[in-house]
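J.: I'd like to ask some things about the structure below.
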Amino acid sequence: MAQPPLDPAGELVLDRPDGAYSAVEEAVRLALQAAKLCPKTGRTSAS
Numbered sequence: 001m002a003q004p005p006l007d008p009a010g011e012l013v014l015d016r017p018d019g020a021y022s023a024v025e026e027a028v029r030l031a032l033q034a035a036k037l038c039p040k041t042g043r044t045s046a047s
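The sequence shown runs 1 to 47 under full-length UniProt numbering.
In structure tokens, the structure reads:
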């Protein structure tokens, strides 16, 4: 049985001026920070 595609709800934005990141964006940012590809913002997933 095939599964329907899981399309994103919206565009992935990794640099939001208001800092209102989705859980997926937050996870990607943390991974990029760990790889030193994204500037550290001081935000955590609990913020």
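A virtual CB, placed ideally from N, CA and C, is assigned to each residue, including glycine.
Under the rule that 16 or more other beta-carbon atoms within 10 Å means buried, what is Arg16, buried or exposed?
T.: Along the sequence shown, one-based indexing puts residue 16 at 16. It counts as exposed.
J.: Since Leu14 contacts Arg29 with CB under 8 Å, what's their CB separation in whole angstroms?
T.: Walking along the sequence shown from the start, residue 14 turns up at place 14. Walking along the sequence shown from the start, residue 29 turns up at place 29. Confirmed, Cβ separation roughly 6 Å.
J.: Does the beta-carbon distance from Glu26 to Leu12 come in below 8 Å?
T.: Position 26 of the sequence shown, counting from 1, holds the residue named residue 26. Position 12 of the sequence shown, counting from 1, holds the residue named residue 12. Cβ atoms of Glu26 and Leu12: not closer than 8 Å.
J.: Using the C-alpha atoms, what's the distance from Ala9 back to Ala31?
T.: To locate residue 31, count along the sequence shown from 1; it is residue 31. To locate residue 9, count along the sequence shown from 1; it is residue 9. If I take the Cα positions, the gap works out to 21 Å.
J.: Excluding the 5 residues flanking Tyr21 on each side, which residues of the same chain have their C-beta closer than 7 Å to its C-beta?
T.: Here the question's residue 21 lines up with position 21 in the sequence shown. Hits under 7 Å: Arg29.
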